Amino acid sequence: MIKSFVAIMTVGLVFLPKTATGEILSCSKEQFAHVHEEGILECTITARFYGIYWYVGNSKDSIIRFINGQKAGPEYQNGRLDIREDGSMIINEVSLNDEKDYRVMVVLSAGGDVTTTVHLTVIGKLVSYFSVRCQNCHC
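Numbering (mature numbering (1 follows the signal peptide of the UniProt record, and there is no 0)), first residue to last: -21 to -1, 1 to 118.
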């Protein structure tokens, strides 16, 4: 006698909240900061997440991360960078060398991750130094 078995598979769907534009991770692609001031690469995350990682360009090593409520990373340890719970990265004193592409990856609590790239343009303060040589004038 052969018995038949019927397997019923249930597929669970996970619905993640999204912004008005439909994004879980929303960052302006082009952001600006002034040299010698605090700069913030602003992002908004609309889903529960486990961790946030910031990278320079396509580097595999994160410069700062926020995992399960804890901040870490080489640039956090030396005090140059900080990270907010909304995913935004803070550069404590912007330099001209900070002008580049940054990549942020958010690992979602529900599984998976989302990534986007942000370009930071640094606005420098130009200072001109010059001397005036005065001949036959009353300076």
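Note that beta-carbon positions come from the ideal geometry of N, C-alpha and C, so glycine has one too. Note that the structure is predicted; figures quoted are calculated from it, not measured.
For the beta strand (DSSP E) containing Glu54, list its first residue and its last residue.
Here residue 54 refers to the residue found at position 75 when the sequence shown is read from its first residue. Note, Glu54: premise wrong, no beta strand (DSSP E); alpha helix (DSSP H) at 53 to 56.
Could you pull the start and end residues of the beta strand (DSSP E) that Gln20 belongs to?
In the sequence shown, residue 20 corresponds to position 41, counting from 1. The residue asked about is misnamed: residue 20 is Leu in this sequence, not Gln. Element bounds for Leu20: 18 to 20.
Kindly confirm or deny that the segment 81 to 100 and the segment 49 to 57 touch, where touching means at least three C-beta pairs closer than 8 Å.
no
Would Leu20 pass as a contact of Ser67 if the rule is Cβ separation under 8 Å?
Mapped onto the sequence shown, residue 20 falls at position 41. Mapped onto the sequence shown, residue 67 falls at position 88. Yes, they are a contact pair.
For Leu87, write down the residues that DSSP places opposite it in a beta bridge.
Translated into positions along the sequence shown, residue 87 becomes position 108. Answer by DSSP bridge pairing, in chain order: Phe28.
Which partner residues does Asp65 have in the DSSP bridge list?
The residue given as residue 65 occupies position 86 in the sequence shown. Paired residues: none, contrary to the question.
Answer yes or no: do Ala12 and Ile70 have a C-beta to C-beta separation smaller than 8 Å?
Numbered from its first residue, the sequence shown carries residue 12 at position 33. Numbered from its first residue, the sequence shown carries residue 70 at position 91. For Ala12 and Ile70, yes; Cβs fall inside 8 Å.
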